[in-house]
Structure formats: C-alpha cells, structure tokens
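Read in numbering that gives the first Met the number 0, the sequence shown has 85 at position 86, and its numbers run on one by one without any break.
Accompanying notes for the structure given below.
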Amino acid sequence: MTRRHPPAHNPPAPAETKTMKPSLLAVSLAALVLAHAPSHAGEEAVVQLTNQHLDLRAVYDPGARDPLVVLAVDEDHGASYTPDQCVLVVGESARLTLPAGTPFGNEGDPIHVLPQSQDPDLLDLGVSAEGIPGGVFAGDLSFRFSAVSGPGKLFLWKSTSPGSYDVAVDSGDGLGVTDQLVPSIGGHEHFNWGFTAPGVYRVTLVASGRPIDAGVDLASPAATFEFHVLPLPPEPARLRVVGIAADGALRVELAGIPGSTHEVFASSDLEVWTLAGSVTLAGSTREITVPKSGSALFVRAVAR
C-alpha cells in the first residue's frame, strides 16, 4: 500500500468549509425560545489520543460491580480511560492507496490504516489481556466486535508476509461471532486497523471469558470507543442561548470551526426567515446578538 504524507504544518483549508452548500440538511437548527440552555462548563474534557502506544485492555476486578471491563490504556503515560473519556484519532498520514488484490476495496481506493507495526506519527493500537492473573479464566479472553457505525467499513487484519491479509474483523459483511480478537491471558496483540473513509466511527467491543469456577461466561459491559479518522468533514454550527439584552434581543453563542463563515437567520414562525447577519469565527466560538421579532424567536445558522 502507498502511504500519503500530508505537507507539514498544513492547516485545514477554508475551502473545505465553503464546500458545504446552504440547505436545511446541512444546517444546525436551534429553536431558541427565550430561555437559557443548560451549561456544560463543569463537564470533563475528552482526551484526544493521537500517537501513543494504546491498548484496549480487559481489566478484571472480582470485587467491582462490573468485574470485567474494557478500558483504553495509554502505555506511554500510564493513564487509563473509560470509553467516554477519550477519542482515538487516526491522523491524516494514515491514508494509504490500496494495491490490487486486497479484500478491502478496489485498486486505487483510499484506506486509513493504523498499522500493526509502530509508526511514531500514529496510534500504536493493540488489544490486551495483560494484568489478568492466570488461574482466573479457563481459557483466553475474546474481544468481540458487536457494532461499528461510521461513514465506511472497518477491517482488522494481520500481515505475516507482503501481500498477505489474515482478516479478523470485517464490518462490511455484517458482524458476527467470528469478528473477534483473542489475545492470550497476560499478553496483547497488534493488528492493522483499516477504515475505508474519513469521519467519525463508533466501535463497540465486548470482552468475555469463562471463569474457572463458573459454568457460564463472564462478559464486560459493551464498550463503545469513538474514532476520528482525519480529515473530518466540517461540522454544522451549534447555537446556544447565553442571555437576553435589555431591548429584548437574543444573545447567542455560535460554535463551529475556526475560520468558517455562517449566515444567521431569524424567524418568529419557522416559515419566514430573515437574514440577521454574516459571521466569521476567529476562534471556535463567538457571541452574537439577534434582534427579537414577534413573541418568539427562532435562530438558525448556515455554513458557507
């Protein structure tokens, strides 16, 4: 496969934002009826994991409410994250061009790969049963892929020689009991993780094994990890009420991609929309004032 390395220090071009044509399908529409939206100031920040040695690890604690769970363990920094605390980023240098004869698409198609061998610019992603003592489970643990959502397909495979593809997971033909990884107790394994299109994916795993003293398998709760395969498409703007001015105008926070331009429209009945102004975001958020019209005010923003 041919890897394409993007130019260094190359920020997202404004043209990517401008390609989103104005339509209601590409609009973030907020019915902002003179009320305050709930504050998210106290929410814990989500950690972006970009080029660490990272394992999706089964952790066993017989005294916990859930004795078996799956966590993301940053081996480089000694940190562990639950699925909702982190995002796994697949950098732009992961983009490859498929050669002929692969099971992942046609020759020349793109695929974004976290390789089984370490690349310092990308996540070194493995699956792990390290830390689980021997004598607890009758055999090895399995990591079953129960769901994958996103703009493309997900493949996991090992390459034992040039041109070989030992596929372990294929979301394109429907996920089943064979879509699983089985690292040995106390060990971990690395695979190639291939995504066929950029965008946001949600990948759900369930770890399970048979305790020696039990007649049934012990399974973890479903662990859904979010992957951001770069470059991400522009997001619609987000609107939030932050206050009401003395003259009744609405103070609204507009959030979006820095450098993006949005036209802001107002309506009192959701039928007739009036242009309230055009806003270019210098940062990720900007507060704007929208004049009040009628007894209720609705606002929408269209990315240009």
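Idealized CB from N, CA, C, for every residue including glycine.
From a predicted model like this one, the values you see are computed outputs, not experimental measurements.
With burial defined as no fewer than 16 other Cβ atoms inside 10 Å of the residue's Cβ, what is the status of residue i: buried or exposed?
i    : result
H111 : buried
V271 : exposed
H187 : buried
Q179 : buried
N105 : exposed
G77  : exposed
V278 : buried
A265 : buried
A206 : buried
E42  : Any answer about E42 is weak, because its pLDDT of 47 lies below 50 and its placement is not dependable; what the coordinates show is given next. Counting Cβ neighbours within 10 Å, E42 comes out exposed, since fewer than 16 surround it.
A63  : exposed
T159 : exposed
A275 : buried
P98  : exposed
S183 : exposed
V176 : exposed
P150 : exposed
R3   : Low per-residue confidence applies at R3: pLDDT is 49, beneath 50, and the placement is therefore not dependable enough to give any value.
V58  : buried
With the cut-off set at 9 Å, would you say residue i and residue j are in Cβ contact?
i    : j    : result
H261 : V298 : no
L67  : S79  : no
Q115 : H189 : yes
I256 : L249 : no
G125 : L153 : no
V89  : L229 : yes
F359 : V181 : Because the chain in this structure spans residues 0 to 303, residue 359 falls outside the shown range and cannot be described.
D54  : P102 : no
N191 : L155 : yes
S289 : V263 : In the sequence as presented, Ser is not what sits at residue 289; that position holds Val. Yes; because the gap between Cβ atoms is below 9 Å, this pair is in contact.
S163 : A221 : no
V45  : D75  : no
E234 : I287 : no
Per DSSP, residue i is paired with what?
i    : result
E106 : According to DSSP, E106 bridges with nothing at all.
D178 : DSSP lists no partner for D178.
F190 : According to DSSP, which records beta bridges pairwise, F190 is partnered with nothing at all.
G151 : In the DSSP output, where bridge partners are listed per residue, G151 has none listed.
K310 : Residue numbering for the chain in the displayed model covers 0 to 303; residue 310 lies beyond these limits and cannot be assessed.
I243 : L249
D54  : V72, G125
S79  : V72
L231 : In the DSSP output, where bridge partners are listed per residue, L231 has none listed.
S267 : Answer is none; S267 lacks a bridge partner.
L87  : L48, F226
A146 : T203
Would a check of beta-carbon distances place residue i closer than 9 Å to chain C?
i   : result
D75 : Given the protein chain composition of this structure (a single chain), no chain C is represented.
Can you find the residues in the same chain that come closer than 6 Å, C-beta to C-beta, to residue i, ignoring five residues on each side of it along the sequence?
i    : result
R56  : L70, V72, S127
L28  : Because the pLDDT of L28 is 37, which lies under 50, any placement of that residue in the model is unreliable, and the number read from its coordinates should be weighed accordingly. Within the same chain, L28 has close Cβ partners R299.
T49  : V88
G171 : K152
A218 : V205, S207
L269 : F297
S148 : R201
Looking only at its own chain, which residues have a Cβ that is under 8 Å from the Cβ of residue i, when we skip the five neighbours before and after it?
i    : result
S283 : A254, G255, I256, P257
E129 : D54, R56, G185, G186, H187
P337 : In the structure as shown, the chain starts at 0 and stops at 303, and residue 337 therefore has no counterpart that could be examined.
Which residues in the same chain have their Cβ closer than 7 Å to the Cβ of residue i, if we skip the five residues on either side of it in sequence?
i   : result
D60 : P66
T81 : L70
- request: Spell out a yes or no on whether the stretch 117 to 133 and the stretch 82 to 100 are touching, meaning 3 or more CB-CB pairs, one atom from each, closer than 8 Å.
  value: yes
message: If contact is defined by three or more beta carbon pairs under 8 Å, each pair taking one atom from either stretch, is the stretch 194 to 203 in contact with the stretch 220 to 227?
response: yes
message: Quick check: the stretch 128 to 148 against the stretch 204 to 219, are at least 3 beta-carbon pairs closer than 8 Å?
response: yes
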